[in-house]
Every structure is written in C-alpha cells, then in structure tokens.
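Chemist: Residue numbers (the numbering used here), protein chains in the order written: chain A, 1 to 440; chain B, 1001 to 1440; chain C, 2001 to 2440.
Ideal placement from N, C-alpha and C gives every residue a C-beta, glycine not left out.
This one's a predicted model, so the numbers in the text were calculated from it and none came from an experiment.
The structure's right below; bear with me while I get my questions together.
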Amino acid sequence: MKLTKTLPVVVALIALPTLALAQEADVTPPNEEIGYIFTTFMFLVTGFLVMWMGAGFSMLEAGLVRSKNVAMQSLKNVSLFAIAAIMYYLIGYNLMYPGDGWTITNVLGAFSPAVMEPVGGSPDTDLTYASVGSDFFFQLMFCATTASIVSGTLAERIKLWPFLIFTVVLTGLIYPIQASWKWGGGFLDANYGFLDFAGSTVVHSVGGWAALAGALILGPRIGKYKDGKTVPMPGSNLTLATLGTFILWLGWFGFNGGSQLYMDTAGNVADISRIFANTNTAAAGGAIAALILTQLLYKKPDITMVLNGALAGLVSITAEPLTPGLGAATLIGAVGGVLVVLAVPFLDKLKIDDVVGAIPVHLVCGIWGTIAVVLTNSDATLGGQLISIAIVGIFTFVVSAVVWLILKATMGIRVPEEDEINGLDMAELGMEAYPEFTKG
Amino acid sequence: MKLTKTLPVVVALIALPTLALAQEADVTPPNEEIGYIFTTFMFLVTGFLVMWMGAGFSMLEAGLVRSKNVAMQSLKNVSLFAIAAIMYYLIGYNLMYPGDGWTITNVLGAFSPAVMEPVGGSPDTDLTYASVGSDFFFQLMFCATTASIVSGTLAERIKLWPFLIFTVVLTGLIYPIQASWKWGGGFLDANYGFLDFAGSTVVHSVGGWAALAGALILGPRIGKYKDGKTVPMPGSNLTLATLGTFILWLGWFGFNGGSQLYMDTAGNVADISRIFANTNTAAAGGAIAALILTQLLYKKPDITMVLNGALAGLVSITAEPLTPGLGAATLIGAVGGVLVVLAVPFLDKLKIDDVVGAIPVHLVCGIWGTIAVVLTNSDATLGGQLISIAIVGIFTFVVSAVVWLILKATMGIRVPEEDEINGLDMAELGMEAYPEFTKG
Amino acid sequence: MKLTKTLPVVVALIALPTLALAQEADVTPPNEEIGYIFTTFMFLVTGFLVMWMGAGFSMLEAGLVRSKNVAMQSLKNVSLFAIAAIMYYLIGYNLMYPGDGWTITNVLGAFSPAVMEPVGGSPDTDLTYASVGSDFFFQLMFCATTASIVSGTLAERIKLWPFLIFTVVLTGLIYPIQASWKWGGGFLDANYGFLDFAGSTVVHSVGGWAALAGALILGPRIGKYKDGKTVPMPGSNLTLATLGTFILWLGWFGFNGGSQLYMDTAGNVADISRIFANTNTAAAGGAIAALILTQLLYKKPDITMVLNGALAGLVSITAEPLTPGLGAATLIGAVGGVLVVLAVPFLDKLKIDDVVGAIPVHLVCGIWGTIAVVLTNSDATLGGQLISIAIVGIFTFVVSAVVWLILKATMGIRVPEEDEINGLDMAELGMEAYPEFTKG
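Right, dumping it as structure tokens:
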C-alpha cells in the first residue's frame, strides 16, 4: 500500500456553505461500449449491496422485537422481499418509467411486466446507458427497501396476510407511481425542480408514511401506554440489531452510490467516490450525535439510539450525497441523529407505537434530508422541496390509509389479544425462533 | 436517481415458451487488455460473493440444529471451507481442467498443485480470458459450496474427523473429476450436449448425492422416527437460519452471474445482468410458492419451508439462469419451492434424516433445474440432460457410499449414543455455543 | 460455466523458495481515463469490503464476551468505527500523507481536514491514479480496522468513555503518524526499505501494541487468574464469533487486494487475483493448523482457536500477499495458526488478559507476517523488517501507554468492581443484549 501522495493539502470546508459546484465536465466516455460495461457492472454491484439491505432490515427488526415475535418478523422480511421482486416485475418497473413523456396514456399503457434485453445482447443496442437487466435489478431493490421500512413499525401485532397484501399494493402501485413523478420524469421532476438523489423522500419517507398510516389504524401494542406512561419493551437481541445496522450501513453505499446512474467517465466515478465517502461520514455523524445526546439527556448512552442514529445519518444524506463536502455531510448526518433521539419519545407521547423506530429514522430524517439539499445544492429550492415532500406524503399517507382501512374492514389487520400476548410465533406460525431458551 | 427511461414498453413473456434466442452478437471486445481486466475483476467480485455463501451455509445450519450441536456445526463449516481451499489447490483445480483434450493421460498428468501467473503479469500473457488467479479463486468457491451442502444433512450425529476426511475426498477428487466431465471439456460436454450453466447438477446435486449416501449409511438421529411417526426437532435459532438464507441469496448472484465467464463485451455484461435478475426472481418465486403451499397444506405458513423455498428457487434456476425471461424464471423457482415442501415429508417417510433439508433443496431441485433447461434453451435435449444427471448421480453416489463405508469400517462415522444425546458440543468439543443460556 | 481450459499444466511450487520475480511488465494503461475508472471502482469495492470488517470485529467480540457485556461491546464497536471516520477525516488522512517529501514542516502543515475533488470531476484532474474520494474511503477503513483490534482485548472491564477518547487519539494521531512513515513516504519506506504490503505491522501490530499497553495498565478481569491458574471465561455466543470470522475473511480480500493500489493494467489485475487467492489459502492454512494442533495438544479441537487460526493466517499473509505462491501462502498462514495456539496460553501465563485473543492474532502474527516477507520477496531485508517492526512497536506502545496512563490518572479507565461483576450492560447502559434469556 505504498504510495507517496503528492496532492496539495488544501483548506477544508467543515461548515455548511453552498458549495460552488464545479461545472460538470463535458466529457464523452472514452468508448461507448466500455462505458456501458462500466455502468452496467456498477449497477450489479451496487444493486447487490442494496439487496443486502433486506437482510439488514430483517436482522435489525428481529433484534428489536421481543423473542415471542422473532420468527414471524423474520418471515415477514423474507416474504416482503420476495413479494417486492414479483410485483415490481409484474407491474412496478414499467409503471415507474412510463415511457417517453409522463402522460395518462403512457401510464395506463405501462401496466405490463418488465422485459429484459435478449440473450447475447443485440447488435443495435443503445450503449449510452446500461443494460435493462441491470437497471431493473438495481431499481427493484429500492422498491423492496420501501417495503422493508413498514414491517418494523407494525411488528408484534399485525396479522401476516393483511401485511403481505399491503406489501403487494405498496410495491406494485404506491411506490412506483410516486417514484415515477420524480425518477420517471413526472411532474415533480419536470415542474417543481424536485431534487432527491437517492430517495430520502421517494423511498424512505414513503416507507415512513405508509408505516405511520398503518400504526395509526392498527393502534399500539397491548400494554405499551399505561397510565400516561410509556412502558419500555426492550428488543430481544441487540447483537442482531447491531448486525442489521452494519449491514444497512454497508448496503447504503450501493443505495446512494449507484444512484449516480453512470460510471462511464472519470467524472462520474469520482462522483460515486464522493458519495461513498459522504454516506459513510453521515452515518458516523448520526451515530456520534445520538451517542453524545443520549449520554447528556439520560446520563447513559443508549445503544438502540446510536444504531438508529447511524441509520438516521444515512437517511439524511440520501437526498443529496454528492454536493456536500465531508464536513457538511457529517453535520447533515449528525442533525439526523439528533432528530431521532428527539422524535422517538415524541411519537410515544402521541401514542404512536413504532416498534423499531422506523418513523423517526425514515420519515423524520427523510424529510430533513430532503430539505437539507438546499444547503449544498443551489439547484434546489426550499419551495420545490417542501411541496414535493408534501405531495408525496399526502398521496402515500392517504392511499396507504385507505388500503389499511379496507384490509381492516374485510379481513382484519390485528391479531386477537390472546395471540398478541402469547406472541405471534406460536399463534400464527406454531414455532418459536429460539425454542430451547427459557424466557426470563 | 433521475432518469427518464425511454425504452419502448414491450409485451412481456410470462409463460414458459422456448425463447427465440438472439444470435450471440459476434463482437470482439473493444480492446483485449480492457476485456481481460473486466473479466478478471468480475471473477474476483463474483468469487467473493460465492465465498460468502460459506458463511451462509454455516449460519443456516447453525440455526437449524439444536443448541447442543451448534458449536460443532460451526466448526465443521469453517473447517470444510478451509479443507476445500487446500485440496482444490493441491489437486482439484488441475484435475478439473485436465488440459487440451480430456484423455486418461491428461487426467493422470493433472495430479498437481495449481499455479498462478507470475507477479506483475507476463508480457506474453494471453489476454483473451482472465487471470489464472481469478479463475482459480472463482472455481475454488464452487468446490467449497459442494462440501457445504453435505454438512447440513449429516449434522447432530456424525463424528468430526471422518466427516472432514470425507470432505478431503469430495473436494480433492469427487467434485473435480465429475466437474471436469462438463466444465473441463469432458464427455458429458462433448458427447451428450449436457447443459448446466452454473451447476444445478455439477455442484448442487453432487452435494446432495454425497449427503444422501452419507445419510443412508449413517442412519437417522436417535428418536427422530418413533412408532412410525416423525418427531419434529426444531432448529434452535431461526434468525440465524434467516440470515443464512439472505447470505446465500446474495452470494448466488456471484454463483450464477460469474458463470457467464466473460464480461468483456456489452453482450456479456447484459447477459450477466439478466442472470442477476433471473436469479433473484427465482428465489422470490420459490419463497412465495412455499409460503402459499404451507399455508394451504398446514393452515399455517412454515418459515423454515419458506427459507428452503427461496434456496430451492435458487438451485432450480442455476442450470439455466440466462435464457428464461423473468416470468419463466419466477415459475421455475416456484416449482422448486413446491418440490421442497413435498420432498421434506417424503424423505421423512423413507426415514432418511436430513437435518436441514439439504437433499430436497440441492438434490431434488438440482435435478429439476437441470431438466428445466430444456424449457427455455433449445440447445438442450431432455435425453442429454437426463443421462448426464444419471451419470453424475451414479458416480457421486457410488463413490461417496464407498468412502463412507470405508470410514465406517475403519474409524467409525457415528458418535456414541450418549454423546449424541448430550450433544456433540460438550462431547466432542468440550464447549457450548451458548454456555450462559438455560435450555428450556 | 463451460470452459475448456488449455493452459499448460506446469510444475508447482509448494515449498517456500524465494520466487524469481517476473519483471513488472512495463505496461502503460491502454487509456488513462479507463485506468482511472478501474482503479477508482476497485477502491470502492475493496473499501466496502474492509468497512464490512468493522461488522466482523463487532460480531466476533460480541460472541467472545460474556452475555452481561455484549451490548456494551456492540456499542463500542459501532462507536469506534464512527469515531475513526470522523477523526481520519478531520486530521488523519492529511497527516498520513504529508505531501511532497516527509518533512516536519509538511507534517505540521498537514493538520487539516480531508477534501475530495469537486463534483463532476475537474477537466484538469490527474488521471494516473484514482479519485481522491475513493482513496480516502479506502484508507479510512484501515484506520478503523486498527481501532477495532483494541476493543476486543480490553473488553468486559474498561469504561466506555476513556476507551472512546483513546480511540480518538489512536485514529487521529497514532495510526496516521506511524502509517505515514511507511505509506506516506516517510523514513521507514525511504531509509529502511521496509516492506509491508497491506499492513501486518502498520495496521495489525499497531492495533496489537495499543491493546497490549491497555491490557497491562488496565489489568486482568476479576477472577481471571486465581491461585496461579487461568479461569476459562467462555464466550457467550460462538455462532456470532463464527459469523465474525467469516465476515473478516471476506473483508480481507478487500484489505489485501485493494492494497495493490492500481487496477489499470492486466498485470495489476492479475496481481490482485493472486492476492485474493493467497489471502484465502493463508486463512485456510491457519484454520487447519489450529484445528490439528489443538486436537493433538488437547485431544479435542478448539473452535475459538480455529477461528482465531483463520484470522492469524490472514494477518500473517497481509505483509506480503503477492509474491508467495499458493503453497507458500498456505504455509505462512499455517505458521500463524500455530503461533496463535501457542501465544494464547503464554499470554495467560504472563497474566495479560486478552478477552478475544487479539494480541496473539494481530500482534504476534503481525510480527511474523512482516518477517515472513523476506521468505518470498527478495526486495525485503531481515534487518529492515526487524528494525521497522521495532520502531513502529516502540512508538505505538509508548504513546499508547502514555495516553492510557493519562486517562487512568484523570477520569479512570476501569469500571467499579461491582459493575464489572454485574456486567457493563446493566451498569453502564442500563440495558441488556439478551434481556429475555435467563443466564444459566
């Protein structure tokens, strides 16, 4: 690893100035086919990292629920990932990219399964971007991530099948429709100048809104709020929660890095590098902020807050991981960490029971991250960001609420009281996650 | 992640037609050295993904055995991986690729350790493929995977050292010899037109046959079959099993994707993308099929079946992950999921005790996946596939059985009854995996 | 995966000869920009693998401490990773590469935060290496790894905040200063011909020395050494320890492979491939050596020794993963595995309490690996290696000891006896890692 670096040591930007953006170098790739291979392979690598986030959510949630619900929570996470894969193939992908111009005709025509390019490539393939298969693979993982967010909030009391049906609607319709408004060339992109690089709003707040609607309609767990007090229900396995956080941290490099969408030039790969470094430092900022703040507030650090603080930092930098310098990225993440520590008890005050803290992490910090774009990217306007946050939020919350209410009215969404007390594992699955270990 | 996709929305193929294959574009790479770098790096990335599957098997198996055998199961998984690394280096690699033409002379001459190209590259290196080191690294991981399959079936009752000696034979001789028949240019490839893209037969069914031979000779666990009934022996840690499944799912992108063997042209990288997408959707199909089927059969979903269903989907698509469309791949995986749900109780009826369900997943679905090649790839013939499955199966089963019988006759392969009841951890290792936790 | 390999089967080198090194092919990359993209992307991929090692250390340590300290150990691992990220950004990176020529003026001038290249790339960027962001990202992970090593040794008795303050000094000052002597073009590199490819000394022994200084000053855990005997304190979760080992094994491909620093030519990517293969086989050698040796010494294999044996093999090959052949690499790793098995009881004889065995693995094998460079790389001299090991060791040990002593004198570094007995989780965090599981 010997390398004498001769780069000039320059003065750094730690604060949060609006960076003077260098003009995007007007470079054409050295060779179209090579650029195509680079970008396609980049999507595969960043795509498998985002896929890995599915495991991260599963471990995080399994660690933060009580042991009597762990097997069910694991089953939900595997199943929702599989459902997302199938629904995004059947409808979502084409619905999200409704072709040349975002019109009603195009959208209606877009209800069709995804199709990849033929085997062996076609001689007349357009080589300016990436292979369809790689783009589909990458985009699918974002859809799956959105669904993963919901499962944690509603844990320990929701019935399996209504949850899975909601996931069908979320991944097949809700996510792709609103995502198309920004990433499919729709009106948020075209008319409001909405900037959301990798999805603080389009992915994370959407998952958060859907979870919030569910939490309100489902109600809190039995015994969670008693005599005006919040009863702590500690997670059963903090090493799993730690593992889940590390997995998500790792996967996020793919989430944000791949969203550069091109790796065909030196400028693009340098941008992806900035994004990796910023993503990492934002997570660090969030974790440290939560560590210090919980020490100050409660005289003891809180590990679940530190884990959620890291995730909060990651969500916060997701809307704009490219333009901030390392210092700005750290601070954006740190604000996220602070927000989570404040939002968790605030939600409890409202008696909104979010088992794993997904709403503070993904919704609150998703909003913060989307607003923070204006701090470092002069192309964004506060108005455009706020109105886009609102439109996406209202759409997702209302549609989700309608779906939850229909499910509640038809098949019911909550397990019987007795099943909730005994745990979903025995009641709904008939097996336990840790059958040989006595509960304390 | 803004991108207005302007690809025409075309009609999809959901059913299972034999796709009219596009002619492989007759492209030479834009530059030989660049193609060499691309392919070599691709092998390193996909190779480390397959290496990661070793961790996946370890977690899956540790989660599915009872807590008294968990440390031993972990030790076996680490050790077998290390043994595979050394045996494949010492003999396996050269034996699998016995040089120019598969003749007895070549095969006998192939008993020699693997050697990588010199440091710094050689000026006269052939740049049409990839570096020897990367090819060795990638192929080694397939050999290790084969060994991982066996350990799960025989868990909880086999002695450590005979198991490891079997692993020496499997990774040094059995795997590479039969693999050379297909991938080393041997007679299955040359004379039978056998198609097995990434090893439904060559890797997965081989692991399954070796496991089956072992299971028959070793016999079931004490108390597993009593009064004509199968006694459930639930796994001790379903979150570990879930984690293992996610790891395997992730690693499989490397397993199938890297088996394209070239990433030097747009056509090849587009093919690898198709393979990633198909691999993912096949796993999803298998998981969903098992979820629905267990709900219908048993009125409750079975999480271990869903996990094995995902793996079944992955094994099923492995013989041909390239030619199917997304719909066909989903259905091929779904059939795998159904087969697993049916095969597990069927094996129990035969009193073949497979602790983790490796035989249903890897052998049954390995066969199914190999047959399914004919559904989407017109180069495959049902006859060629069936005869190749049979030849590989008979060879592996017979040789494995002979080795198991020799081990049984000489050193014994089964732990004493008392040790089995007390658990292998205390008996063979003198330490427990979870020493501080009371058994229920 | 069909491929008829026609490479000539050549005679292998199993022993440990000094390989006649092929002259580094004097190749210029086919195109500067393409080489830049290759190397930059390589840093991102290998960098995220090294980041993943942070999770590996966390799992390994959480598995090897007793359950009453698991949450705290997890918190320490997440926090130290975050601290490393911030300190390396604020000071470490520029301090490690103090510009053109390693002079006091340059070093003093180097106290400044890291800065990445502008967004979109600059038209006048130097394209002969890689993007600054990717280099920063990759190098940061080495700094974080160094800090991860310390936390394991000092587990179960050190206070959280002093440990974190030490981490600040280690990652901001100690690590980058000594690393600059070799990798920043300092005197060990320039005057002593010191060779340490990926950091057996610069990373691993440094972590080990810092841990040793801490262990001596902190003292052993209560009850660890009683009446002249070592009391075993078995880890609470061996599957987590196994998982951690697999994660570290995987991450090490990035650690060693990325240290090639260039992937712009066929020769460089072929070298990276050799490194991957050698790294893997060294780990295998270490694991097998520990397996056999513990069986011979204790009549039972010891799984924690086998896990540490694999890690020992990895540390041992880190100083020179390129020049050995596969056989030599296996043996270098195997010697590491033997050293660990012998060093663990030796440390106990000295009453140095190293909870996870980090000193045997990272310090002892770090020294061995650095010496072993002379066996296969004729550019290294035994004298140059030994003096460099000594200089780095003395510097790190002395400075670390001073910091530990200051911390001890000011805020105290050890938890009260009662807290240690009850466990750090309840005492310092007020929460347990596994609250629902009764301790046996």
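Using the C-alpha atoms, what's the distance from alanine 1215/B back to aspartate 1354/B?
Modeler: Within the second sequence, numbered from 1, the residue matching residue 1354/B stands at position 354. Within the second sequence, numbered from 1, the residue matching residue 1215/B stands at position 215. C-alpha separation (whole angstroms): 7 Å.
Chemist: Just the Cα atoms here: how many angstroms apart are glycine 63/A and serine 74/A?
Modeler: Taking the first residue of the first sequence as position 1, residue 63/A is located at position 63. Taking the first residue of the first sequence as position 1, residue 74/A is located at position 74. Taking the straight line from one Cα to the other gives about 10 Å.
Chemist: Relative to the C-alpha of alanine 1344/B, which residue among Gly1357/B, Gly1336/B and Ile1332/B is closest?
Modeler: What you label residue 1344/B is simply residue 344 of the second sequence in a count that begins at 1. This sequence places valine at residue 1344/B; alanine is not what is there. The residue with the shortest Cα to Cα distance from valine 1344/B is Gly1357/B.
Chemist: Whole angstroms are fine: how far does the CA of proline 176/A sit from the CA of leucine 140/A?
Modeler: Position 140 of the first sequence, counting from 1, holds the residue named residue 140/A. Position 176 of the first sequence, counting from 1, holds the residue named residue 176/A. In a straight line, the C-alpha of leucine 140/A is about 10 Å away from that of proline 176/A.
Chemist: Any Cβ of chain B within less than 9 Å of the Cβ of leucine 2326/C?
Modeler: If you number the third sequence from 1, residue 2326/C lands on position 326. Judged by the 9 Å Cβ criterion, leucine 2326/C is in contact with chain B.
Chemist: Kindly indicate which three-state DSSP category phenylalanine 2462/C falls into: helix, strand or coil?
Modeler: No statement about residue 2462/C is possible, as the shown extent of chain C runs from 2001 to 2440 and does not include it.
Chemist: Could you work out which residues of chain B lie near lysine 2226/C, taking near to mean beta carbons separated by less than 9 Å?
Modeler: Translated into positions along the third sequence, residue 2226/C becomes position 226. In chain order: nothing, as chain B lies at least about 19 Å away.
Chemist: For the ligand MG, any of its heavy atoms closer than 8 Å to the Cβ of phenylalanine 57/A?
Modeler: The model on display carries no ligand, and the ligand MG is accordingly not part of it.
Chemist: Enumerated in chain order, which unbroken segments of the alpha helix (DSSP H) with a length of 4 residues or greater are wholly contained in the segment 2236 to 2261 of chain C?
Modeler: Those alpha helix (DSSP H) runs which fall completely within the segment 2236 to 2261 of chain C and span 4+ residues are 2238 to 2258.
Chemist: State the DSSP-derived secondary structure class of phenylalanine 2111/C, mapped to helix, strand or coil.
Modeler: Residue numbering aside, residue 2111/C sits at position 111 when the third sequence is read from its first letter. Correct three-state label for phenylalanine 2111/C: coil.
Chemist: List the whole-angstrom C-beta distance separating alanine 2110/C from leucine 2095/C, where the pair is believed to meet the contact cut-off of C-beta under 8 Å.
Modeler: Residue 2110/C sits at position 110 when you count from the first residue of the third sequence. Residue 2095/C sits at position 95 when you count from the first residue of the third sequence. About 5 Å; that satisfies the 8 Å criterion.
Chemist: Taking the alpha-carbon positions, what's the glutamine 1023/B to leucine 1322/B distance?
Modeler: Counted from its first residue, the second sequence places residue 1023/B at position 23. Counted from its first residue, the second sequence places residue 1322/B at position 322. Confidence in glutamine 1023/B is poor, its pLDDT being 34 and thus under 50, which makes the residue's placement unreliable; the coordinate value appears in the next sentence. Those two C-alpha atoms are separated by around 14 Å.
Chemist: Mind listing the chain B neighbours of tryptophan 52/A? Cutoff is C-beta to C-beta under 8 Å, in chain order.
Modeler: Position 52 of the first sequence, counted from the first residue, corresponds to residue 52/A. Phe1246 and Leu1250, listed in chain order.
Chemist: So, leucine 90/A versus proline 118/A, is the Cβ gap smaller than 9 Å?
Modeler: Position 90 of the first sequence, counting from 1, holds the residue named residue 90/A. Position 118 of the first sequence, counting from 1, holds the residue named residue 118/A. No, the pair does not count as a contact, with Cβ atoms beyond the cut-off.
Chemist: What in chain C is Cβ-close to threonine 323/A, meaning under 8 Å?
Modeler: By one-based count along the first sequence, residue 323/A stands at place 323. Residues of chain C passing the Cβ test: Val2119.
Chemist: Give the DSSP-derived three-state secondary structure of methionine 431/A in the structure shown.
Modeler: Here residue 431/A corresponds to residue number 431 of the first sequence, with the count starting at 1. Coil at methionine 431/A, not helix or strand.
Chemist: For a contact defined as C-beta to C-beta under 8 Å, what are the partners of asparagine 2280/C on chain B?
Modeler: The residue given as residue 2280/C occupies position 280 in the third sequence. Ordered by position in chain B, the residues that pass the 8 Å Cβ test against asparagine 2280/C are Met1051, Ala1085, Phe1137 and Leu1140.
Chemist: Closest Cβ-Cβ distance between threonine 1265/B and chain A: below 9 Å?
Modeler: In the second sequence, the residue the question calls residue 1265/B occupies position 265. Output row for threonine 1265/B: interface = yes.
Chemist: Does DSSP put threonine 167/A in a helix, a strand or coil?
Modeler: Within the first sequence, the letter at position 167 stands for residue 167/A. Helix, per DSSP.
Chemist: Quick check: the Cα distance between methionine 1053/B and threonine 1279/B, rounded to an integer number of angstroms?
Modeler: Walking along the second sequence from the start, residue 1053/B turns up at place 53. Walking along the second sequence from the start, residue 1279/B turns up at place 279. Their Cα atoms are separated by approximately 15 Å.
Chemist: Only counting the same chain, and skipping five residues up and downstream in sequence, which positions put a Cβ closer than 8 Å to that of threonine 2330/C?
Modeler: Against the third sequence, residue 2330/C aligns to sequence position 330. So the qualifying residues of the chain are Thr2281, Ala2282, Ala2284 and Gly2285.
Chemist: Hey, would you say threonine 2103/C sits closer than 9 Å to alanine 2144/C, going by beta carbons?
Modeler: For this step, residue 2103/C is matched to residue 103 along the third sequence. For this step, residue 2144/C is matched to residue 144 along the third sequence. No.
Chemist: Give the range of the alpha helix (DSSP H) segment to which isoleucine 389/A is assigned.
Modeler: The residue labelled residue 389/A in the question sits at position 389 within the first sequence. Segment 382 to 410, the alpha helix (DSSP H) holding isoleucine 389/A.
Chemist: Taking 9 Å as the CB-CB limit, is leucine 1331/B close to chain C?
Modeler: Residue 1331/B sits at position 331 when you count from the first residue of the second sequence. Closer than 9 Å: no.
Chemist: I need the straight-line Cα distance from leucine 1350/B to alanine 2290/C, nearest angstrom please.
Modeler: Start at 1 with the first residue of the second sequence, and residue 1350/B comes out as number 350. Start at 1 with the first residue of the third sequence, and residue 2290/C comes out as number 290. Going by the C-alpha atoms only, they are around 40 Å apart.
Chemist: Following the continuous alpha helix (DSSP H) through lysine 1349/B, name the residue where it begins and the one where it ends.
Modeler: Taking the second sequence and counting its residues from 1, the one referred to as residue 1349/B is at position 349. Per DSSP, lysine 1349/B belongs to the alpha helix (DSSP H) from 1326 to 1349.
Chemist: Round the Cβ separation of phenylalanine 138/A and glycine 258/A to the nearest angstrom and send it over; I've been treating them as touching at under 8 Å.
Modeler: Taking the first sequence and counting its residues from 1, the one referred to as residue 138/A is at position 138. Taking the first sequence and counting its residues from 1, the one referred to as residue 258/A is at position 258. Confirmed, about 6 Å.
Chemist: Using CA coordinates, which residue listed in Thr128/A, Glu33/A, Pro435/A and Glu420/A is at the minimum distance from lysine 224/A?
Modeler: Within the first sequence, the letter at position 224 stands for residue 224/A. When each option's Cα is compared against that of lysine 224/A, the closest is Glu420/A.
Chemist: Using DSSP with H/G/I as helix, E/B as strand and the rest coil, what is isoleucine 1158/B?
Modeler: The residue you call residue 1158/B lines up with position 158 of the second sequence. In this structure, isoleucine 1158/B counts as strand in the three-state DSSP scheme.
Chemist: Tell me which residue opens and which closes the alpha helix (DSSP H) that arginine 2274/C is part of.
Modeler: Taking the third sequence and counting its residues from 1, the one referred to as residue 2274/C is at position 274. Looking at the DSSP string, the run of the alpha helix (DSSP H) that includes arginine 2274/C is 2266 to 2298.
Chemist: If I measure Cβ to Cβ from glutamate 432/A and keep anything under 7 Å in the same chain, skipping five residues before and after, which residues do I get?
Modeler: Position 432 of the first sequence holds residue 432/A. Counting only Cβ-Cβ distances below 7 Å, and skipping sequence neighbours, we find Ala71, Asp425 and Met426.
Chemist: Once DSSP output is grouped into helix, strand and coil, what is the label at threonine 1153/B?
Modeler: Along the second sequence, read from residue 1 onward, the residue named residue 1153/B stands at position 153. Three-state result, threonine 1153/B: helix.
Chemist: At a Cβ cut of 7 Å, what residues of the segment 1301 to 1317 of chain B count as close to chain A, listed as they run along the chain?
Modeler: Cβ contacts with chain A: Pro1301, Ile1303, Val1306, Leu1307 and Ala1310.
Chemist: Can the beta-carbon of glycine 2309/C be found closer than 9 Å to that of alanine 2287/C?
Modeler: Numbered from its first residue, the third sequence carries residue 2309/C at position 309. Numbered from its first residue, the third sequence carries residue 2287/C at position 287. Yes.
Chemist: Have a look at Thr167/A, Arg66/A, Ser205/A and Ile149/A and flag the residue whose alpha-carbon is nearest the alpha-carbon of serine 388/A.
Modeler: The count along the first sequence starts at 1 and reaches residue 388/A at position 388. Serine 388/A has its Cα closest to that of Ser205/A, out of Thr167/A, Arg66/A, Ser205/A and Ile149/A.
Chemist: Does threonine 2230/C come out as helix, strand or coil in the three-state DSSP assignment?
Modeler: Looking up residue 2230/C in the third sequence gives position 230. Note: threonine 2230/C maps to strand in three-state DSSP.
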